[in-house]
Each structure stands twice: as C-alpha cells, then as structure tokens.
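Trainee: With the working numbering applied, the sequence shown corresponds to residues 32 to 383, in that order. All residues carry an ideal CB built from backbone N, CA and C; glycine is no exception.
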Amino acid sequence: MTHHDHYQTLGVAPTATADEIRQAYRRLAMRWHPDRNPDDPQVAEERFKRLQHAFAVLKDAGRRMAYDAERAAPRGGSGHGGGNGAGSGAANGRGAHGPRPAREAWPHGGPRRNAPGKAGVDYLCETSIALETAVLGGMASTRVRMTVDCLHCDARGIRMMGCKTCAGTGQVRRGLFNAYGACERCAGRGVEPAACDACGGTGKVRVDKALRVQIKPGVIDGTVLRARGMGGPGIDGGPNGNLMCKVRVRKDRVFGVDGLDLTRELKIDFVLACLGGRVPVVRFRKTVMAEIPAMTRSGTVIRVRGMGLHDRARQKTGDLLLTVAIDLPSRLRTLTEPQQTLLRELGRGTGE
32 MTHHDHYQTL GVAPTATADE IRQAYRRLAM RWHPDRNPDD PQVAEERFKR
82 LQHAFAVLKD AGRRMAYDAE RAAPRGGSGH GGGNGAGSGA ANGRGAHGPR
132 PAREAWPHGG PRRNAPGKAG VDYLCETSIA LETAVLGGMA STRVRMTVDC
182 LHCDARGIRM MGCKTCAGTG QVRRGLFNAY GACERCAGRG VEPAACDACG
232 GTGKVRVDKA LRVQIKPGVI DGTVLRARGM GGPGIDGGPN GNLMCKVRVR
282 KDRVFGVDGL DLTRELKIDF VLACLGGRVP VVRFRKTVMA EIPAMTRSGT
332 VIRVRGMGLH DRARQKTGDL LLTVAIDLPS RLRTLTEPQQ TLLRELGRGT
382 GE
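Listed below in structure tokens is the structure:
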C-alpha cells in the first residue's frame with residue numbers, strides 16, 4: 032500500500048502552523064476539485080481525497096502529534112530517510128539483536144500503520160427528572176452539543192459558487208471582435224469550488240440537538256446513562272463515541288429521599304393511633320398498606336420494606352419510611368360532656 036506524506040500532499044513544511052495548513056488545503060482543494068477538472072476527473076478525485084485525508088489528520092493536534100511520531104519512526108531495515116542502517120540502535124530503531132518490533136520501539140503504544148481508526152469523542156449532557164420518573168421509569172428530554180455533517184456542502188467542505196470571472200455564465204469575451212468563448216477559470220461551467228462558509232471548509236458543524244432519553248425504573252440521582260454509538264463519528268473507520276447523560280432527580284413535594292429509602296409524613300387519627308390497624312398509602316401510582324401498631328405515638332417511623340428506590344447496579348432496594356403525625360379530626364375538636372368524661376377516665380387509666 033502506498034503511503035503519502037501528508038505535509039508533501041499539502042505542500043507545507045512539517046513546522047507549518049495550523050493556519051498555514053488550512054490555507055494550503057483550501058487553495059489545493061479548489062484547484063483539484065473534481066468539478067473543476069472535467070478533463071481528468073479520476074485523477075482529480077484521487078488527489079482531492081488525498082488532500083481531504085491529509086487535512087483531517089494535520090488539523091487535529093492529537094492526530095498530528097501521533098502522525099509526526101509515526102513519520103519519524105524507522106521503517107524496515109533503514110530509517111525514515113533511507114540509509115544502510117548504520118549507527119546506534121537508539122537512533123534507527125535497532126537493538127543488539129536487530130530491528131525492534133513497533134510495540135517495543137514505541138513502548139507507550141505508539142501509532143502503527145495498520146492500527147484501527149480512532150474512536151469518536153463522547154458527548155456529555157445532563158437531564159433533570161421528577162422523582163416519580165426515577166421510581167417508575169419514563170422518558171426525559173435533554174439537549175446535547177454535537178458534531179454533525181455540514182448539510183450546506185454535503186460534508187465535503189467545498190461548495191460550488193458562481194464563477195467570479197464570467198459571473199456564472201460560463202462565457203467570456205475575447206479578441207478584437209469580442210467573440211464569446213468558454214471561461215478558462217471555470218472551464219465553461221459557470222461555477223467554481225470554494226470553501227464552505229457554513230463549516231469553514233471542514234465539512235463538519237457543531238449543533239445543539241434535542242434528544243429523548245429513556246429512563247428505566249430505579250434510576251437514582253447522579254446516575255450516568257450510556258447510549259453506545261450516539262457520540263461523535265469515528266475517525267478513519269473507528270467506532271462512534273458514546274452519549275453520556277447524567278441524571279439529576281428533582282425534589283418532590285411529598286416524598287423525600289434518604290439514600291435508597293423514600294420518606295414521607297403519614298397523618299393518622301388518634302383512634303387509629305390508639306387501636307392500631309392498616310392504612311393505605313399512595314406511593315405515586317401504586318397504593319401500599321402500612322401496618323400501624325396499637326398505641327403509636329407521633330414521630331414513630333413505620334417501615335414498609337421494599338418500597339423505596341431500586342439501585343439497578345447494586346441490585347439493592349430501599350424501604351418506604353413513614354413518619355407518623357397524629358391528626359385530630361375536626362369533628363372531634365369540640366367534645367361533648369360524656370366524651371370528655373371518657374377521656375379523663377382513659378387518662379387516669381393510663382397514668383397520663
């Protein structure tokens with residue numbers, strides 16, 4: 032397989048700045064655009080693809096650093112610039128027993144020519160959900176800033192614009208008699224390639240996109256959901272990145288959260304507090320029955336096991352904790368004389 036030097040492809044020095052590389056790419060891309068070379072489109076297409084690949088590598092600081100390291104690495108029995116392999120092992124990649132393998136020459140896992148493509152970046156976002164959604168599951172909305180193909184230029188980085196020489200007509204006047212002939216600048220097409228204004232010639236743009244995130248039952252505050260393959264596009268055939276969404280659970284007006292336990296106040300009348308019994312408690316869309324022991328006091332915590340939050344990662348479930356508050360019904364706030372007598376007798380019987 033033939034490997035082209037990216038710096039030579041763009042006609043710049045290895046020390047070229049990012050701006051110099053970008054300017055060189057735009058100049059050569061317009062020159063070798065297939066639409067501008069109708070006489071030999073196959074050669075132009077090949078050159079244009081080489082330019083795009085070289086620019087994709089050198090415009091990214093991380094990929095450029097890796098490429099520079101690979102470019103400087105020894106190849107075969109001789110160095111990058113040729114030679115007979117003489118000199119120290121450290122200089123030409125040889126050890127005492129001959130050429131070192133690539134992994135040994137680059138002990139930190141340096142780049143290799145047959146290495147797989149680079150994975151795309153992970154997109155990060157955050158969504159806020161109600162406690163009910165965290166318990167029962169549902170859908171949540173969020174927005175994420177991501178890189179997508181430029182629609183203005185079909186991700187090519189080049190747009191066809193009206194030729195400035197012929198004003199888009201494809202014809203210009205020549206000679207003493209002002210005869211019309213094909214415009215040399217655009218080869219009579221009336222259009223010429225130019226760097227896309229929308230993406231700056233990169234073929235990619237950053238956009239804010241609205242997403243719907245599925246929330247499974249039992250999500251707790253701070254959980255990070257991963258959507259594989261929904262991140263940035265892979266590079267050179269590498270896999271796409273992932274979408275990482277952090278879940279924040281909002282406070283609820285009725286229920287509180289203590290670890291995996293749900294907490295709430297439970298108001299009962301004094302008769303139930305004295306005699307005990309079962310009382311229905313609404314836990315979002317589900318009703319559970321709580322057992323109230325006889326002679327329950329205000330502030331007593333009743334535990335309903337298994338009715339709290341569920342941690343899917345640890346496979347643990349919390350409880351529903353009900354703090355009792357004894358409520359005096361309005362119909363009993365004005366007692367008759369016989370009722371007052373009964374209460375006094377009850378108080379003497381209990382010693383209170």
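For Tyr154, count the other beta carbons within 10 Å of its own beta carbon; 16 or more makes it buried, fewer makes it exposed. Which is it?
Mentor: Buried is the call here.
Trainee: Would you mind reading off the limits of the alpha helix (DSSP H) that contains Ile246?
Mentor: Ile246 -> not in any alpha helix (DSSP H); beta strand (DSSP E) instead, spanning Lys235 to Ile246.
Trainee: For Ala161, tell me which candidate among Leu353, Phe315, Arg328 and Gly349 has the shortest Cα-Cα distance.
Mentor: Among Leu353, Phe315, Arg328 and Gly349, the Cα nearest to that of Ala161 is on Phe315.
Trainee: Kindly provide the ranges of any beta strand (DSSP E) runs that are 3 or more residues long and lie completely inside the segment 318-371, ordered along the chain.
Mentor: If we require 3 residues or more, the beta strand (DSSP E) runs fully inside the segment 318-371 come out as 332-335 and 351-358.
Trainee: For Pro65, which three-state DSSP category applies?
Mentor: Pro65 falls in the helix class under three-state DSSP.
Trainee: Indicate whether Thr354 and Gly330 have their beta-carbon atoms separated by less than 8 Å.
Mentor: Yes. Within cutoff.
Trainee: With C-beta atoms as the reference, is Gly188 less than 8 Å away from Gly265?
Mentor: Not closer than 8 Å, so no.
Trainee: Can you tell me which of Arg58, Arg279, Arg174 and Asp350 puts its alpha carbon nearest to the alpha carbon of Cys227?
Mentor: Ranking the options by Cα distance to Cys227, first place goes to Arg58.
Trainee: Just checking my contact of Phe86 with His64 at CB under 8 Å: how many whole Å lie between their CB atoms?
Mentor: About 14 Å separates the two Cβ atoms, so there is no contact after all.
Trainee: Can you list, in chain order, the residues of its chain whose CB lies under 6 Å from that of Ala356, leaving out five sequence neighbours each side?
Mentor: Within the same chain, Ala356 has close Cβ partners Glu296, Lys298 and Ser329.
Trainee: Can you tell me which of the three DSSP states Pro72 falls into?
Mentor: Three-state result, Pro72: helix.
Trainee: Suppose you measure from the CA of Gln39 to the CA of Asp50; what does that come to, to the nearest Å?
Mentor: Gln39 and Asp50: Cα-Cα distance of roughly 16 Å.
Trainee: Thinking Arg17 and Val88 are a contact (beta carbons under 8 Å), I'd like their distance in whole angstroms, please.
Mentor: Summary: the structure shown does not reach residue 17, with the chain confined to residues 32 through 383, and so no result is reported for it.
Trainee: How should Thr173 be labelled, buried or exposed, when 16 other C-beta atoms within 10 angstroms of its C-beta is the threshold for buried?
Mentor: Buried, since its Cβ has 16 or more Cβ neighbours within 10 Å.
Trainee: Can you tell me whether Ile251 is helix, strand or coil according to DSSP?
Mentor: It is coil, neither helix nor strand.
Trainee: Name the two residues that bound the continuous beta strand (DSSP E) containing Asp430.
Mentor: Residue 430 lies beyond the range of the chain shown here (32 to 383); nothing can be said about it.
Trainee: Going by the C-beta, is Ala210 closer than 7 Å to any heavy atom of the ligand COA?
Mentor: In the structure shown, the ligand COA is absent, as is every other ligand, since no ligand is present at all.
Trainee: Output the distance between the C-alpha atoms of Val278 and Arg216, rounded to the nearest integer angstrom.
Mentor: Looking at the two C-alpha atoms, the distance is approximately 56 Å.
Trainee: For Val250, I'd like the list of residues in its chain whose CB is within less than 6 Å of its CB, leaving aside the five on either flank, ordered along the chain.
Mentor: Result list for Val250: Ala165 and Val278, in chain order.
Trainee: To the nearest angstrom, how far is it from the Cα of Glu11 to the Cα of Gly201?
Mentor: Summary: the structure shown does not reach residue 11, with the chain confined to residues 32 through 383, and so no result is reported for it.
Trainee: Determine the burial state of Tyr56: buried for a count of at least 16 other Cβ atoms within 10 Å of its Cβ, exposed for fewer.
Mentor: That one is buried.
Trainee: Gly337 to Val302, Cα distance in whole Å?
Mentor: For Gly337 and Val302, the distance between alpha carbons rounds to 28 Å.
Trainee: Using a Cβ-Cβ cut-off of 7 Å (strictly less than) and excluding sequence neighbours within five positions of Arg334, which residues of its own chain qualify?
Mentor: Closer than 7 Å at Cβ, skipping near neighbours: Asp350 and Leu352.
Trainee: How big is the Cα-Cα spacing for Gly253 and Ser159?
Mentor: Roughly 10 Å separates the two Cα atoms.
Trainee: Locate the beta strand (DSSP E) running through Cys214, then write down its first and last residues.
Mentor: Looking at the DSSP string, Cys214 is not in any beta strand (DSSP E), and its letter there is neither H nor E.
Trainee: Starting from Thr164, trace the alpha helix (DSSP H) both ways and give me its first and last residue.
Mentor: That run of the alpha helix (DSSP H) goes Leu162 to Leu167.
Trainee: Looking only at its own chain, which residues have a Cβ that is under 6 Å from the Cβ of Asn115, when we skip the five neighbours before and after it?
Mentor: Per-residue confidence for Asn115 stands at a pLDDT of 40, beneath the threshold of 50, marking its modelled position as unreliable; no derived number is given.
Trainee: Pick helix, strand or coil for Lys80, following the three-state DSSP scheme.
Mentor: Lys80: helix per DSSP, three-state reduction.
Trainee: Per the DSSP calculation, Glu296 is bridged to which residue(s)?
Mentor: Partner(s): Thr354.
Trainee: Here's a check: name, in chain order, each residue in its chain whose Cβ is nearer than 8 Å to the Cβ of Tyr211, leaving out the five neighbours to either side.
Mentor: Taken in chain order, the residues that qualify are Gln202, Val203, Arg204 and Arg205.
Trainee: If I'm right that Arg243 touches Met170 with Cβ under 8 Å, what's the distance once you round it to whole angstroms?
Mentor: Right, the Cβ-Cβ distance comes to about 5 Å (below 8 Å), so this counts as a contact.
Trainee: Within 10 Å of its beta-carbon, does His24 have 16 or more other beta-carbons around it, so buried, or fewer, so exposed?
Mentor: Any property of residue 24 remains undetermined from this structure, which presents the chain solely from 32 to 383.
Trainee: Is it true that the CB of Ala229 sits closer than 8 Å to the CB of His183?
Mentor: Their beta carbons are under 8 Å apart, which means His183 touches Ala229 by this criterion.
Trainee: Leaving out five residues before and five after Asp99 in sequence, what residues of the same chain have Cβ atoms less than 8 Å from its Cβ?
Mentor: For Asp99, where only same-chain residues beyond five positions count, the Cβ hits under 8 Å are Pro45.
Trainee: Can you look up Thr40 in the DSSP assignment and give me helix, strand or coil?
Mentor: In this structure, Thr40 counts as helix in the three-state DSSP scheme.
Trainee: The beta strand (DSSP E) that contains Ala304, what's its start and end?
Mentor: No beta strand (DSSP E) contains Ala304, which is instead part of the alpha helix (DSSP H) from Phe301 to Leu306.
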